[in-house]
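> Residue numbers (the working numbering), protein chains in the order written: chain C, 1 to 147; chain R, 1001 to 1425; chain W, 2001 to 2505.
1. Let me check one thing: in DSSP terms, what residues is residue 1123 (chain R) bridge-paired to?
2. Report the residues of the region 107 to 138 of chain C with a CB closer than 9 Å to any CB of chain R, ordered along the chain.
3. Is any beta-carbon of chain C found at less than 8 Å from that of residue 1015 (chain R)?
4. Assign residue 1397 (chain R) to one of two classes, buried (16 or more other C-beta atoms within 10 Å of its C-beta) or exposed (fewer than that).
5. On the three-state DSSP scale, how would you describe residue 12 (chain C)?
6. At the level of alpha carbons, what is the spacing between residue 1213 (chain R) and residue 1184 (chain R)?
7. Could you tell me whether any Cβ in chain R is nearer than 8 Å to the Cβ of residue 90 (chain C)?
8. Applying the 10 Å Cβ sphere with the 16-neighbour rule, what's the burial state of residue 1055 (chain R)?
9. Closer than 7 Å by beta-carbon distance: list the chain C residues that pair up with residue 2437 (chain W), in chain order.
10. Using beta carbons (cut-off 8 Å, strictly below), is residue 85 (chain C) in contact with chain R?
11. Report the option in W:2142, W:2450, W:2424 and W:2247 whose CA atom is closest to the CA atom of residue 2330 (chain W).
12. Taking a contact to mean a Cβ-Cβ separation below 8 Å, would you say residue 148 (chain C) touches residue 67 (chain C) in this structure?
13. May I ask which residues mark the beginning and end of the alpha helix (DSSP H) holding residue 2115 (chain W)?
14. Ends of the alpha helix (DSSP H) at residue 2157 (chain W)?
15. How about residue 1354 (chain R) and residue 1371 (chain R): are their beta carbons less than 8 Å apart?
16. Can you find the residues in the same chain that come closer than 7 Å, C-beta to C-beta, to residue 99 (chain C), ignoring five residues on each side of it along the sequence?
17. For the region 2062 to 2073 of chain W, which residues have a beta carbon sitting closer than 7 Å to at least one beta carbon of chain C?
18. For my contact list, residue 1317 (chain R) and residue 1272 (chain R) are in at a C-beta cut-off of 8 Å; report their separation, rounded to the angstrom.
19. What in chain W is Cβ-close to residue 148 (chain C), meaning under 9 Å?
20. Which partner residues does residue 1041 (chain R) have in the DSSP bridge list?
21. Using only the alpha-carbon positions, how far apart do residue 2144 (chain W) and residue 2234 (chain W) sit?
22. Can you grab the Cα-Cα spacing for the pair residue 1082 (chain R) / residue 1180 (chain R), in whole Å?
23. Identify which residue in W:2350, W:2278 and W:2310 has its Cα closest to the Cα of residue 2207 (chain W).
24. Against chain C, does residue 1291 (chain R) count as a neighbour if the rule is that its beta carbon must be under 8 Å from one of theirs?
25. Have a look at the DSSP bridge pairing and note the partners of residue 2257 (chain W).
26. Once DSSP output is grouped into helix, strand and coil, what is the label at residue 2484 (chain W)?
27. For residue 145 (chain C), would you say it is in contact with chain R, using Cβ-to-Cβ distances shorter than 8 Å as the test?
28. Give a yes or no on whether the minimum CB-CB distance between residue 32 (chain C) and chain R is below 8 Å.
29. One question on the structure: do residue 2339 (chain W) and residue 2140 (chain W) come within less than 8 Å of each other, judged by their Cβ atoms?
30. Buried or exposed: where does residue 2492 (chain W) fall if 16 or more other Cβ atoms within 10 Å of its Cβ makes it buried?
31. For residue 1128 (chain R), decide whether its Cβ has a neighbour in chain C, counting only Cβ atoms nearer than 8 Å.
32. Between which two residues does the beta strand (DSSP E) containing residue 2150 (chain W) stretch?
33. Which bits of chain C does residue 2446 (chain W) rub up against, with CB to CB less than 7 Å?
34. One question on the structure: do residue 18 (chain C) and residue 55 (chain C) come within less than 8 Å of each other, judged by their Cβ atoms?
35. Which chain R residues are close to residue 70 (chain C), counting only those with a beta carbon under 7 Å from its beta carbon?
36. What residue does the beta strand (DSSP E) around residue 2437 (chain W) start on, and which one ends it?
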């Protein structure tokens, strides 16, 4: 299964990954419209962490042993049978925050959509590659087969 | 290879999913006292609270058994285990054989013996049936005042759910403060304040001594200190006791729970236990104890399942933890968040009037407990530090920050987390 | 504080209907041109510090930015141009020399653009490079006066003449000297990897060689310049060839200049100088005051490396380049590298960069001609440098007599350089001419290597096409073959200097 590999030595903290993740999860899928009309209710699932020149873009690590799946009492956190990606089924999520409490990478957030649900990277299942990887100008995020 | 699993909640599902990931041939049979629905007990508070409907209580779809090739026996209570013969007997007279047996039978709600427990409006807060009954009572207009016995996790969730339905609630807790096992004084104070602002009456160092009937229904209760409270709903949310009788009678070693090793094996090599019934290794306190939380149940079930089909998976250990929300304010308690005294270093940052609290407990160089009220963002980073026993002595200040991030942790550990399991860079 | 008379060189135009205030431009500009106004919730720009590097334009996700030269106009004056006035304003304010990065930007005649190539038709058919083999392989080094062979009795002949060491290039293009210090470690690494990938060489420049790049020793030309920065025995032994730098085209007559801001701990260790100090190379090598001294150094280096590596001597193209080159060849150099007027640099006084030296085309033609006349052309290879901008320049250079060319500016442009000419500030937004750790991350060597190899690959395809068109299938046949060139728009003196005929004749 392909996963996102993070190369902190090439991250330039431009945050274009955050911009494009946000757009990929908007309704309009249009960058100008998403920022003008949807900004308050959509969020990026990748967050750039920065301290001085050290920076890297952090999203769900798609753990082989996912703690979120183990802790989720509603079954919302599940492994997609087709792609193998760990995703949150937002229709089943009740916002109990167990996943936030157990994710060692802190990759799950409370959604700003107005619904009490958890939000995390879904590996952009409908696209050829995740939006953050596709738009990183310095290949600090790569999409690689990791068995 | 025939694997028999008694129970069909989190531990059973964990076991089944782990087995089928490794082995398509083994026969799996589930025997449960409940019906076919695989539902989530923690979600019943969301159901009672009106946030989700019954359909959303399902933890796995109805097709789960079929897709995982599991034979099932519902409404069957297992009454005895013959460890020598490798069989279990059921209440309906069946004898089922097994090569490996997993006890995933959970715990039962603690209810102090007293008269009146069979009156309408007196209930526990454990099962779908309990939740459906409460929901029905509220819908029928029978409930305006409720008393919840227990100020621990279960009592809190029951109270919050009833609050959302517009019921007036009095919460009664025997200890000097609510959530005494999870929170410290200041944390408990904040949560109590949130309840009180929402109109809940919180009574501590007290409990229900007597039930007063009103015909077939409950009319009120008398407390230990003599106070009389009117109520039309009494919810026992004191806690659960592991269902050890079955194992004990079969000669398997039990303590407060069924004792298991890191492979979830009991004293009998072919009998395993997982979930609320098990007394398994807790890596924070470094001894076995029963911590009845969902993540432990699922993980222990998965380890038992893997072991039963020959994969030598070991449990790293559980961590006591829970996440709740009262009046819209989230609260998370991980490990020994309320510890204090010799050997512990406690660091706090508090704004009680804004219901913001961060309490970190270190033992030597390692983090062993966390309490968060208000800002629970990325709390799992703490959990990871606790689980991996990371030396955080050089990072205490950054860990206490409201903007907790992976840059707040030691570099080696950060690289390990960022790399992700199994990815070599 | 007295009023500054300097005005912004560039202006920014931001299409506010496209701008989403994502602040990528704010984060990416090393000159802090863009800023976010919290109160109004918009991003604005202060163009005073803009150097026109286009970093913001390229990264903007909605293409909302355009950079234009400041349209501020003076009363028109053919002599006192805006640039001239602004230079004086600046010097009146600073009292210092004006510095520039990169090569001469003045409109001196570009002779490449006045030379046209031949193509074969009818009597001498052209060759199709997609269907027939094309040899771009080139050897650099001294050739013997004659070759002696010995029959071995089996009908085979063995070569008896001992050959001097040669560099073997798969293409006649090498990466020219760019020092670690003037450019970043990631840029050096990209060049080294690309050189290895394409079967050619890269040059360390005056900065020495970073220990992590020793693995690329076999594709490295180690430069020994007047400051002798980073020169020690391992450095010489690890490289494939050694180059004595007497001068460079961007600033003939003076030494290299690396401002102290760019001398970080790593740079200081590699160069063997104190951190934070300006690295000013002396104008001459203080042990080379005559051609005999040069000969002595050439042979000292050959001795130190057991005569196993070619020794190159690099000079700037100046007025009497022909006898200089002749002297260098006679002094024992295996390669003579000539760097013309338009050659680049990380830092040079602008007035020297623009006014000193001669174009490479003229120098190359003169040197090749002189060495042939003296009968010593075979004793050294000639490498031409100083603004080789495309594959046509490469072909023309070889036709004029070069064995190979050096490229540097083209390589930097391939990696992202936009020629803002501010390399000496150390704030290169593209991560190339900087040591700032925030900025050096911007050049990912994986990408740098890829872009460089793509450039060389593209040029080799074009070279093969041009050669095939001329009916040539090996670079050897193109070399010094001036009959393939014709001049346009050149006067007779220039045509004679280049040794070519006018088009139409």
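Glycine included, each C-beta is placed from N, C-alpha and C at the ideal position.
Note that this is a predicted model, so its numbers are computed, not measured.
Walking through what the data contain:
1. R:1235
2. 107, 108, 109, 110 and 116
3. no
4. exposed
5. Per DSSP, reduced to three states, the secondary structure at residue 12 (chain C) is coil, with no helix or strand assignment.
6. 37 Å
7. no
8. exposed
9. Within chain C, the residues placing a beta-carbon under 7 Å from that of residue 2437 (chain W) are 53, ordered along the chain.
10. no
11. W:2142
12. Examination of residue 148 (chain C) is not possible in this model, given that chain C is present from 1 through 147 alone.
13. Careful: residue 2115 (chain W) lies outside any alpha helix (DSSP H), inside the beta strand (DSSP E) at 2115 to 2117.
14. Not the alpha helix (DSSP H): residue 2157 (chain W) falls in the beta strand (DSSP E), residues 2157 to 2159.
15. No, these two residues do not count as a Cβ contact at 8 Å.
16. Taken in chain order, the residues that qualify are 68, 71, 72, 77, 108 and 118.
17. 2062
18. Not a contact, Cβ separation roughly 17 Å.
19. No statement about residue 148 (chain C) is possible, as the shown extent of chain C runs from 1 to 147 and does not include it.
20. Partner(s): none; residue 1041 (chain R) has no beta bridge.
21. Approximately 29 Å between the Cα atoms of the pair.
22. 40 Å
23. It is W:2278.
24. no
25. W:2280
26. helix
27. no
28. Cβ-Cβ to chain R under 8 Å: no for residue 32 (chain C).
29. Using a Cβ distance threshold of 8 Å, residue 2339 (chain W) and residue 2140 (chain W) do not count as a contacting pair.
30. Counting Cβ neighbours within 10 Å, residue 2492 (chain W) comes out exposed, since fewer than 16 surround it.
31. no
32. 2149 to 2151
33. Here the neighbours are 139.
34. no
35. 1295, 1298 and 1299
36. Note, residue 2437 (chain W): premise wrong, no beta strand (DSSP E); alpha helix (DSSP H) at 2437 to 2440.
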